[in-house]
Amino acid sequence: MVEIKTETALESMREAGRVVANTLAAVQKAAAVGVRLHELDAAAREVLAAAGARSPFLGYRPPFAPTPFPAVICTSVNDAVDHGIPGDYRLRDGDLVSVDCGAELDGWTGDAAVSFAVGTPRPADLALIEATRQALEAGIAAATVGHRIGDISHAISTVARRAKCGMPTDFGGHGIGRRMHEDPHVPNHGRPGRGFPLRHGLTIAIEPMLMAGGHNAYRTDPDGWTLRTVDGSRAAHFEHTIAVTEEGPRVLTLP
38 MVEIKTETAL ESMREAGRVV ANTLAAVQKA AAVGVRLHEL DAAAREVLAA AGARSPFLGY
98 RPPFAPTPFP AVICTSVNDA VDHGIPGDYR LRDGDLVSVD CGAELDGWTG DAAVSFAVGT
158 PRPADLALIE ATRQALEAGI AAATVGHRIG DISHAISTVA RRAKCGMPTD FGGHGIGRRM
218 HEDPHVPNHG RPGRGFPLRH GLTIAIEPML MAGGHNAYRT DPDGWTLRTV DGSRAAHFEH
278 TIAVTEEGPR VLTLP
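First residue of the sequence shown: 38, per the working numbering; consecutive thereafter.
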């Protein structure tokens with residue numbers, strides 16, 4: 038069931054989204070050569086606690102997962118596409134890091150992700166990051182009243198194809214509101230004019246994940262969570278929670 042949000046609900050989701058944005062900013066600031074991934078998770082927990090928010094990630098267990106997620110952020114490094122568990126890995130110069138974060142505040146949820154290089158970036162990584170950011174922007178631009186979910190999917194996949202990147206077709210965006218994952222599903226591949234119609238008050242998370250090797254296939258680590266490219270190529274991930282409105286798409290996960 039798809040819940041269409043009131044203006045009051047959108048304002049509440051904007052507050053949750055601001056917490057997400059602040060958390061991602063704190064994590065990116067803390068990310069440096071020599072820092073362990075669990076230290077980034079600790080930095081995120083501090084921001085959430087200070088805001089009086091809880092993490093929808095911590096303890097989350099979807100059907101594919103063998104165990105509940107043990108952290109408040111996903112940290113995916115280099116060939117990891119998404120769902121990386123922040124552990125003891127120590128960041129190295131040139132690492133490509135994707136961080137996904139959610140926050141629940143006063144019963145409403147926000148979800149966003151960002152990718153960045155640590156230390157000295159590789160030019161190919163910067164190009165991948167930029168392509169993924171452009172895919173997100175294209176998806177957001179297509180999220181207008183009168184369009185359909187397929188228009189968002191098509192906009193994302195057009196950018197990915199132009200950049201000669203692959204994407205894991207089993208994963209994509211989703212509805213969001215009182216819970217982190219709601220209907221409708223928002224695929225990163227699709228045909229324009231198809232799927233759920235976009236109406237004022239619909240809230241969705243749009244999240245392209247691009248893989249530099251150009252393949253759509255991925256593998257899952259023994260932890261049951263971390264997704265990796267099959268060819269070892271690098272991946273990037275961007276996400277925003279947005280509201281479809283009569284005035285155009287409204288990004289709810291900005292600072």
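We put the CB at the ideal spot given by N, CA and C, even for glycine. Here the structure is a predicted model, which is why all the values come from computation and not from measurement.
Neighbourhood of residue i by C-beta, 8 Å cutoff - its chain only, sequence neighbours within 5 removed
i      : result
Arg82  : Ser92, Val109
Gly230 : Arg185, Gly187, Asp188
Leu173 : Ile193, Ile243, Glu244, Pro245, Phe275, Glu276, His277
Ala90  : Ala53, Val56, Ala140, Glu141, Leu142
Gln65  : Val136, Val151, Phe153
Nearest to residue i (by Cα), restricted to the options the options
i      : options                        : result
Tyr126 : Ala168, Arg236, Glu76          : Glu76
Lys42  : Leu235, Ala69, Ala154          : Leu235
Val114 : Leu264, Leu289, Gly203, Met204 : Leu264
Asp137 : Asp220, Met246, Ala192         : Met246
His222 : Arg228, Phe208, Leu95          : Phe208
Ala27  : Gly203, Val155, Leu173         : Outside the modelled stretch of the chain, which goes from 38 to 292, sits residue 27, for which no answer is possible.
Ala86  : Val134, Pro158, Val57          : Val57
Pro107 : Thr290, Asp260, Tyr255, Ala67  : Asp260
Gly54  : Gly144, Arg73, Gly131          : Gly144
Met101 : Thr112, Gly89, His120          : One point to set straight first is that residue 101 is Phe, not Met, in the sequence displayed. The shortest Cα separation from Phe101 among Thr112, Gly89, His120 belongs to His120.
Ala178 : Gly89, Gly227, Ser152, Arg287  : Arg287
Leu289 : Leu239, Asp130, Arg228         : Leu239
Asp132 : Pro103, Arg199, Arg73          : Arg73
Ala200 : Gly147, Thr157, His252         : His252
Pro123 : Arg198, Phe94, Thr146          : Phe94
Thr146 : Ala67, Met248, Thr45, Arg51    : Arg51
Own chain residues within Cβ distance below 6 Å of residue i, not counting five before or after
i      : result
Glu40  : Gly214
Gly96  : Pro105
Pro103 : Gly261
Rounded separation between residue i and residue j - CA only
i      : j      : result
His277 : Ala63  : 17 Å
Leu142 : His218 : 15 Å
Ala175 : Val196 : 8 Å
Gly71  : Gly232 : 45 Å
Ala140 : Pro292 : 13 Å
His211 : Ile241 : 6 Å
Leu47  : Ala280 : 7 Å
Val293 : Asn59  : The requested residue 293 is not part of the displayed model; the chain covers only 38 to 292.
Pro224 : Ser190 : 6 Å
Ser135 : Glu283 : 32 Å
Phe153 : Cys111 : 14 Å
Gly183 : Thr257 : 37 Å
Ala9   : Ala117 : As displayed, the chain neither begins before 38 nor continues past 292, which places residue 9 out of reach and without an answer.
Ser49  : Ala161 : 39 Å
Arg159 : Ala150 : 20 Å
Arg216 : Gly227 : 25 Å
Ala88  : Met248 : 34 Å
His237 : Thr45  : 13 Å
Ala67  : Asp148 : 20 Å
Limits of the unbroken alpha helix (DSSP H) element including residue i
i      : result
Thr240 : Per DSSP, Thr240 belongs to no alpha helix (DSSP H); it is in the beta strand (DSSP E), 240 to 243.
Val56  : 44 to 67
Pro221 : Not the alpha helix (DSSP H): Pro221 falls in the beta strand (DSSP E), residues 219 to 223.
Glu167 : 160 to 178
Closer than 8 Å to chain B by CB, residue i
i      : result
Arg170 : Reference to chain B is not applicable here, since this structure consists of a single protein chain.
Opening and closing residue of the beta strand (DSSP E) in which residue i lies
i      : result
Val151 : 145 to 154
Ala79  : First-last for Ala79: 74 to 88, but that is the alpha helix (DSSP H), not the beta strand (DSSP E).
Thr181 : First-last for Thr181: undefined, no H or E at that position.
Ala272 : 272 to 274
Arg91  : From DSSP, Arg91 is part of no beta strand (DSSP E); its letter is neither H nor E.
Val134 : 133 to 142
Met248 : 246 to 248
Close Cβ partners of residue i (< 7 Å) along its chain, the five nearest in sequence each way excluded
i      : result
Arg170 : Phe275
Gly285 : Thr181
Met38  : Asp220
Gly250 : Gly203, Thr266, Asp268, Ser270
Ala254 : Val267
Thr157 : Asp130, Gly131
Problem - At least three beta-carbon pairs within less than 8 Å, the stretch 267 to 284 to the stretch 155 to 175 - result: As far as the Cβ criterion goes, the stretch 267 to 284 touches the stretch 155 to 175, which means the pair count is three or higher.
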